[in-house]
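Here the sequence shown is numbered in UniProt numbering, starting from 1 and rising by one per residue. Glycine is no exception: its CB is placed at the ideal position from the N, C-alpha and C atoms. Quick caveat: nothing in here was measured; it's all calculated off a predicted structure. Read the structure below first, then the notes.
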Amino acid sequence: IYLQASSSNPRLLTYGQVQDRMENFIYGSMDAADKPPSIQVKHLQNGRIVGSAIQKFTLFRLFPIMFCDITLRLKTFQIYLKLREMLEIVLVLPARKSWLPYLDTLSIEFQCLMATLLPDKMILVYEGKYAYFKKMALHANNFKNMPKTLAQRHQLRHCLLLSHCQFLKSYNHVSGVKKIEIHQLSQAVKTLLGGKYGLQLQLSVEQMQQCSKLNYNHLLYQLATIYVHNLLHVEETPAFFQIVHILKINQQWTLVVDQLITIGYDENLCYYELKSDNLFTTVLPQELKYYHKGLDLYEISGRFFLSLSSRL
Numbered sequence: 001i002y003l004q005a006s007s008s009n010p011r012l013l014t015y016g017q018v019q020d021r022m023e024n025f026i027y028g029s030m031d032a033a034d035k036p037p038s039i040q041v042k043h044l045q046n047g048r049i050v051g052s053a054i055q056k057f058t059l060f061r062l063f064p065i066m067f068c069d070i071t072l073r074l075k076t077f078q079i080y081l082k083l084r085e086m087l088e089i090v091l092v093l094p095a096r097k098s099w100l101p102y103l104d105t106l107s108i109e110f111q112c113l114m115a116t117l118l119p120d121k122m123i124l125v126y127e128g129k130y131a132y133f134k135k136m137a138l139h140a141n142n143f144k145n146m147p148k149t150l151a152q153r154h155q156l157r158h159c160l161l162l163s164h165c166q167f168l169k170s171y172n173h174v175s176g177v178k179k180i181e182i183h184q185l186s187q188a189v190k191t192l193l194g195g196k197y198g199l200q201l202q203l204s205v206e207q208m209q210q211c212s213k214l215n216y217n218h219l220l221y222q223l224a225t226i227y228v229h230n231l232l233h234v235e236e237t238p239a240f241f242q243i244v245h246i247l248k249i250n251q252q253w254t255l256v257v258d259q260l261i262t263i264g265y266d267e268n269l270c271y272y273e274l275k276s277d278n279l280f281t282t283v284l285p286q287e288l289k290y291y292h293k294g295l296d297l298y299e300i301s302g303r304f305f306l307s308l309s310s311r312l
C-alpha cells in the first residue's frame, strides 16, 4: 500500500494516474484469472487495497511491470525487492534447506530497511498477528480461537477437493479440439515433425487433431502460454518454452514448442528477459518437472519479460 501511495507522489504520478494505469493495464491470459480490482483514489487515501489474497499477490508481483518507469525513483522500492525475494523462497515447493541461512539474512535486511525507511510502519510480528485476528473476530462476530477456526476451514476445503472423483486419478481433458492438416502448419514445424515422426506422421495426417487447452493430470497446458522446461548450468537459470501447437500424434497429445532464449534476469523488474529465435521442438506433458503453472509474457519497450512467483 505504501508503495502505491509513494508512486502517487505528484512529482511521479497523481492518484488519478495510478487509477488509470491500473484500469488500462492488459493482463496476460493466465494472470487474468486472478486480476485484482483497480485501485481507486479512495483506496489510496484510506490506505486500504481491496481484493482477495491471490488478487493482491498478483498486484504485488506485477507492480514493477505496471510502474516500470518510476520504480527506481521510489525510495522504498528496496523494501519491495527484499520482500519479494523472501516470498520467492517461502512459496517454493518443495523448499530447500540450504536456502534457510540466506532467508534469515534477507529477513534481517528487510527489518533493517523497514526500521530505517518506514519506522512508523514497523511493528513486531506477534503484535501484527494479534491485531489482525482481533480485527477479524470483531468483523465476523466470532470470538473463538481464530487461528484454529481458519485451520479447520482450510481442512474442510481440502476435504472437499479430495472428494472429487477425478482428483486422485489420472485425468486428461481437452478443449477447443479441431482437425488440422500438415499444409496448415508453418514450414519450420513441418520440418520438425517430418524429421521426428517421418512416415508415421504421413499415415496419420487425416486423423491429426489440435486443441487449444490440454488438462493433463490436473495441469493446464494452453496455446501461446510459457512454461519452465529445464534449469541450466550451476546458476540454475530457467529455460522456458512457449506452446505453439498441441497436436495429437500417434494417439498421444504432444506439445510443439518454441524454445525461448533467456537473456538474463532484471533485478529492478524481478523479471526474466526472453527472446525467440524460432527454435522448435516437441515435448510430452509427462516430461515436464519444473513449475507446471503457465506463465505470461509482458512487453516493455520492445523487450519481453516473464516473472516467476517462487524459486525452482
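Query raised in the report: Are there 16 or more other CB atoms within 10 angstroms of the CB of GLU236, so buried, or fewer, so exposed?
Result: Position 236 of the sequence shown, counting from 1, holds the residue named residue 236. So GLU236 counts as exposed.
Report task. Please classify ASN217: does DSSP put it in a helix, a strand, or coil? Result -> Here residue 217 refers to the residue found at position 217 of the sequence shown. Residue state for ASN217 is assigned as coil, using DSSP reduced to three classes.
**Report entry** Distance, GLN17 Cα to PRO238 Cα
**Finding:** Working through the sequence shown from its first residue, we reach residue 238 at position 238. Working through the sequence shown from its first residue, we reach residue 17 at position 17. Approximately 35 Å, taken between the alpha carbons.
Report task. Evaluate THR281 with the Cβ neighbour count: other Cβ atoms within 10 Å of its Cβ, from every protein chain shown; 16 or more gives buried, anything less gives exposed. Result -> Counting from one through the sequence shown, the residue named residue 281 turns up at place 281. Sixteen is the threshold: since fewer than 16 other Cβ atoms of the shown chains lie within 10 Å of the Cβ of THR281, the residue is exposed.
Requested in this report: Go through its chain and collect everything with a Cβ distance to SER307's Cβ below 7 Å, but skip five positions before and after it.
Outcome: As a first step, residue 307 is located in the sequence shown; it is residue number 307 there, counting from the start. Closer than 7 Å at Cβ, skipping near neighbours: ARG61, CYS270, TYR271.
Requested in this report: Out of THR262, TYR265, GLN222, ILE261, point me to the one whose CA is closest to HIS245's CA.
Outcome: Within the sequence shown, residue 245 is the residue found at index 245, counting from 1. Nearest to HIS245 by alpha-carbon distance, out of THR262, TYR265, GLN222, ILE261, is GLN222.
Requested in this report: Flag this pair as yes or no: are the beta carbons of ASP258 and SER276 separated by less than 8 Å?
Outcome: In the sequence shown, counting from the first residue as 1, residue 258 sits at position 258. In the sequence shown, counting from the first residue as 1, residue 276 sits at position 276. The answer is yes: Cβ separation under 8 Å.
Query raised in the report: Is it true that the stretch 226-235 meets the stretch 39-57, where meeting means three or more beta-carbon pairs spaced less than 8 Å apart?
Result: Flag = no, the stretch 226-235 and the stretch 39-57 do not touch.
Query raised in the report: How big is the Cα-Cα spacing for ASN225 and LEU247?
Result: Within the sequence shown, the letter at position 225 stands for residue 225. Within the sequence shown, the letter at position 247 stands for residue 247. At residue 225 the sequence reads Thr, which differs from the Asn that was named. In a straight line, the C-alpha of THR225 is about 15 Å away from that of LEU247.
Report task. Quick one: grab the DSSP three-state call for TYR126. Result -> Residue numbering aside, residue 126 sits at position 126 when the sequence shown is read from its first letter. Bear in mind that the predicted position of TYR126 carries a pLDDT of just 49, short of 50, making it unreliable; the figure below should be weighed with that in mind. Helix.
Report task. Let me know if VAL41 comes out buried or exposed under the rule of 16 or more other beta-carbons within 10 Å of its beta-carbon. Result -> In the sequence shown, counting from the first residue as 1, residue 41 sits at position 41. An exposed status is given to VAL41, since fewer than 16 other beta-carbon atoms sit within 10 Å of its beta-carbon.
Report task. Using three-state DSSP, classify ALA53 as helix, strand or coil. Result -> Counting from one through the sequence shown, the residue named residue 53 turns up at place 53. It is helical.
**Report entry** DSSP state of TYR80 mapped onto helix, strand, coil
**Finding:** As a first step, residue 80 is located in the sequence shown; it is residue number 80 there, counting from the start. Helix.
**Report entry** Nearest-angstrom Cα separation, counted from PHE67 out to GLN209
**Finding:** On the sequence shown, residue 209 is found 209 positions in, with the first residue counted as 1. On the sequence shown, residue 67 is found 67 positions in, with the first residue counted as 1. Each residue's alpha carbon lies about 42 Å from the other.
Query raised in the report: Does the distance from the CB of MET22 to the CB of GLY294 come in under 8 Å?
Result: Counting from one through the sequence shown, the residue named residue 22 turns up at place 22. Counting from one through the sequence shown, the residue named residue 294 turns up at place 294. Not in contact: MET22 and GLY294 (Cβ atoms no closer than 8 Å).
Query raised in the report: Which whole-angstrom value is the C-beta distance of PRO36 and GLN19, which I expect to be below 8 Å?
Result: Along the sequence shown, one-based indexing puts residue 36 at 36. Along the sequence shown, one-based indexing puts residue 19 at 19. Between PRO36 and GLN19 the beta-carbon gap is near 13 Å, outside 8 Å, which marks them as no contact.
Report task. Pull up the CB-CB distance for ILE263 and ILE65, whole angstroms please, since I reckon it's below 8 Å. Result -> The sequence position of residue 263 within the sequence shown is 263, counting from 1. The sequence position of residue 65 within the sequence shown is 65, counting from 1. Your pair ILE263 and ILE65 does not check out as a contact, with CB atoms roughly 16 Å apart and the cut at 8 Å.
Query - Where the alpha helix (DSSP H) containing residue 378 begins and where it ends - result: Outside the displayed span of the chain (1 to 312) sits residue 378, for which this structure offers no information.
Report task. May I ask you to list the residues that DSSP assigns as paired with SER175? Result -> On the sequence shown, residue 175 is found 175 positions in, with the first residue counted as 1. By DSSP's assignment, SER175 forms a beta bridge with LYS213.
Query raised in the report: Around the Cβ of residue 390, are there at least 16 other Cβ atoms within 10 angstroms (buried) or fewer (exposed)?
Result: Since the first and last residues shown for the chain are 1 and 312, residue 390 lies out of range.
Report task. Note down the Cα distance separating GLN111 from VAL256, rounded to an integer number of angstroms. Result -> Translated into the one-based positions of the sequence shown, residue 111 becomes position 111. Translated into the one-based positions of the sequence shown, residue 256 becomes position 256. VAL256 has its alpha-carbon roughly 46 Å from the corresponding atom of GLN111.
Requested in this report: Tell whether a beta-carbon distance below 8 Å holds between LEU288 and HIS229.
Outcome: On the sequence shown, residue 288 is found 288 positions in, with the first residue counted as 1. On the sequence shown, residue 229 is found 229 positions in, with the first residue counted as 1. With contacts defined by Cβ atoms closer than 8 Å, LEU288 and HIS229 form a contacting pair.
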